[in-house]
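J.:
Numbering (this note's numbering), first residue to last: 909 to 1106.
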């Protein structure tokens, strides 16, 4: 090993250590935010899988558990509950679950998807990795809609259709949305690691 090789290693280690501690800017430490195409594709595939799991899958599963005279009723309950909650998610659910409000519930900043455009991005759980906010909205919508649809099986053949819809709206608003906000909302890793206070 030559003398220059012996000197290069400590210099490289010192430069890497300085870049890691923030003394020297790393070459791509503050790269411009861009959408990760692989993560976006996977989110859209996962969204489609959850939709297929709900509308034909869950509806047929619950249809097979009831008497033959109630199959159509249960299948329609699953489909209508999924559709109703998809609309409510777009109207106020996404805003209450995924905006900065307080520790219990979000705010009305994104009511009717206000401010959500084709160019807005949502943070993922990886630093400097973003997906389109519409893809994130659709992914979270599927879970917001399948969760109450799962409840349909608990009272199949026991409740009127109007009572099912009323219960789902109340449960979605006062149980599902606060829980989604408390468990799943956060500003993303970049909010904490790229802030000047850290």
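All C-beta atoms in this analysis are idealised placements derived from N, C-alpha and C, irrespective of residue type, glycine included.
Can you list, in chain order, the stretches of the alpha helix (DSSP H) that have 4 or more residues and sit fully within the segment 1039-1104?
T.: 1041-1059, 1069-1079, 1085-1092 and 1097-1101
J.: Give the secondary structure of residue 979 by DSSP, where H, G and I count as helix, E and B as strand, and everything else as coil.
T.: helix
J.: Using CA coordinates, which residue listed in 1052, 1087 and 988 is at the minimum distance from residue 1012?
T.: 1087
J.: For residue 1063, count neighbouring Cβ atoms within 10 angstroms of its own Cβ and tell me buried if that reaches 16, exposed if not.
T.: exposed
J.: Are the CB atoms of residue 1024 and residue 1051 within a distance shorter than 9 angstroms?
T.: It is not a contact, given that the beta carbons lie outside the stated cut-off.
J.: Which class does residue 1031 belong to by DSSP, given the choice of helix, strand or coil?
T.: strand
J.: From residue 1017 to residue 1095, what does the alpha carbon distance come to, in whole angstroms?
T.: Cα to Cα, residue 1017 sits roughly 14 angstroms from residue 1095.
J.: Between residue 945 and the rest of its own chain, which residues show a CB-CB distance below 6 angstroms, the 5 nearest in sequence each way excluded?
T.: none
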